[in-house]
Amino acid sequence: MNRMAGLWRNARCRFGLVFIGMAAVVLASSAYNGDIKETLPIMLIFFGIGAGIIVIEWLRLRKARRLKENGRAVWGKVVSVETDASLRINGRHPKYLVVACTQGDGTVSTYNSQRMFLSAAECYVGAQVRVYLSLENRKDFYVDTDSLFERAERF
Numbered sequence: 316m317n318r319m320a321g322l323w324r325n326a327r328c329r330f331g332l333v334f335i336g337m338a339a340v341v342l343a344s345s346a347y348n349g350d351i352k353e354t355l356p357i358m359l360i361f362f363g364i365g366a367g368i369i370v371i372e373w374l375r376l377r378k379a380r381r382l383k384e385n386g387r388a389v390w391g392k393v394v395s396v397e398t399d400a401s402l403r404i405n406g407r408h409p410k411y412l413v414v415a416c417t418q419g420d421g422t423v424s425t426y427n428s429q430r431m432f433l434s435a436a437e438c439y440v441g442a443q444v445r446v447y448l449s450l451e452n453r454k455d456f457y458v459d460t461d462s463l464f465e466r467a468e469r470f
C-alpha cells in the first residue's frame, strides 16, 4: 500500500485540505480582481493553517507506522474510557481509552489512546487491545485502537 494513501483518508488531513482550498480561492479571486498584494496575507494564513494540519497529522501517522514496524507489541486491557472535557466538537466531547499493560517485571503501565468519538464506550472496558512500545524510549507508544475494532467486527 502506498504510504501516503492512509494520510488522505484521514479526516484531519481533509480538513487541512479545506484550508488550502480556501487559500486557492482567495488567490484566484484576488488575481481576478487585480488586488493580490492586499489579500496575500490572508491567503498565506489559510495556506499555513492547512499545511500545518497536514504536516502534524503526517508526523503522527509516521510515528504510528514506525512503532508498528519496529516497536514491541504487547497486549493490554482497557481499564476505563475517559472523556476529554477540554475539547468539544458539535456539542460532543471525544473519549480516549486508558489501557493497562503488565510488564515482564510485574509493573503495570498505563497508556492513553488517541481521542475518538465512541458510542456505547462502556462496552470496551475489559477488552484486549494491542499497544506498540518503542525499544529506545519508554514514553513513546501507540495504542492500536484498530485492533480493538477489528476484533469486535469478527463477532
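So in the numbering used here the end of the sequence shown lands on 470, straight run, no missing numbers. Beta carbons: idealized from backbone N, C-alpha and C, even for Gly. All values derive from a computational prediction rather than experimental measurement.
If we call anything under 8 angstroms between Cβ atoms a contact, is tyrosine 457 one with leucine 355?
No, the pair does not count as a contact, with Cβ atoms beyond the cut-off.
Can the beta-carbon of phenylalanine 334 be found closer than 8 angstroms to that of phenylalanine 361?
Taking C-beta atoms as the reference points, phenylalanine 334 and phenylalanine 361 count as a pair closer than 8 angstroms.
Does the stretch 445-453 come within contact of the stretch 386-394, defined as at least 3 CB pairs closer than 8 angstroms?
Yes, they touch.
Give the range of the alpha helix (DSSP H) segment to which phenylalanine 334 is assigned.
Boundaries of the alpha helix (DSSP H) around phenylalanine 334: 326-348.
Could you check what DSSP says for arginine 403 in three-state terms: helix, strand or coil?
Looking at arginine 403 - three-state DSSP - the assignment turns out to be coil, as it is neither helix nor strand.
Alpha-carbon to alpha-carbon, alanine 338 and leucine 359
Put simply, the backbone Cα of leucine 359 is about 7 angstroms away from that of alanine 338.
Pairwise C-alpha distance: glycine 419 and glycine 406:
Answer to the nearest angstrom: the Cα atoms are 42 angstroms apart.
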